[in-house]
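The next block holds one structure in the form of structure tokens; read it before the comments.
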Amino acid sequence: MTSKRTPAAPAAVRHGLARVLSKLGICSRTEATKWIAAGRVSVNGRLVRNSEAPVLRGVDRLAVDGVEVGEGHRRYLMLNKPRGLVTSAQDDQDRDTVYRCFDGAGLGWIAPVGRLDKASEGLLLFSNDPEWAARITAPDTGPRKTYHVQVDRIPDAALLGRLVGGTVVD
């Protein structure tokens, strides 16, 4: 006689506190680590100062500065990035960053999805949803990319052949 057993539910996976705050879209992992060290974060009503403290997402109650946080409103933004801005939150050389475009918008924490060089312009996506950002930037699941370039001279036959042939980037 055979017995049909119901497979056991997978054990709940715990992750480090800083990672969970980041995955919830509350802040970056670096910022979360600073908040935790400063004593601003509690788990289930208890102050935690270890950024790697194990947390069960969706079960443990998390709070920052006494305000409970959880799965929040996801934001997805498009920016037509102008030339001259650096695609990062801070710049060691004190250059203007893309975040200047969002000054005063009250968006909370958002991160660029991908990068464009300082000299480049075009579509740049932002989100506070790191799982979506990972999917959209993964080579196997993200969109196919096409780049438009300008050359500084009239191309000769050899250069024109290379431009028309394109380049495959792995």
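If you use the numbering used here, the sequence shown closes out at 655, no skipped numbers anywhere. Each residue gets a CB set at the ideal place from its N, CA and C atoms; glycine is no exception.
The beta carbon of Arg600 sits closer than 7 Å to the beta carbons of Thr572 from its chain, once the five residues preceding and following it are set aside; these are given in chain order. The alpha-carbon of Gly569 is positioned some 44 Å away from that of Val544.
In the assembly as shown, Thr518 is a buried residue. Its beta-carbon has 16 or more other beta-carbons within 10 Å. According to DSSP, residue pairing for Tyr561 in a beta bridge involves Ser612. Distance from the CA of Gly591 to the CA of Ser605, rounded to the nearest whole angstrom, comes to 26 Å. Counting along the chain, Val554 sits inside the beta strand (DSSP E) bounded by residues 552 to 554. Between Arg531 and the set Glu516, Val552, Thr515, the nearest pair of CA atoms involves Val552.
Under the three-state reduction of DSSP output, Lys566 falls in the strand class.
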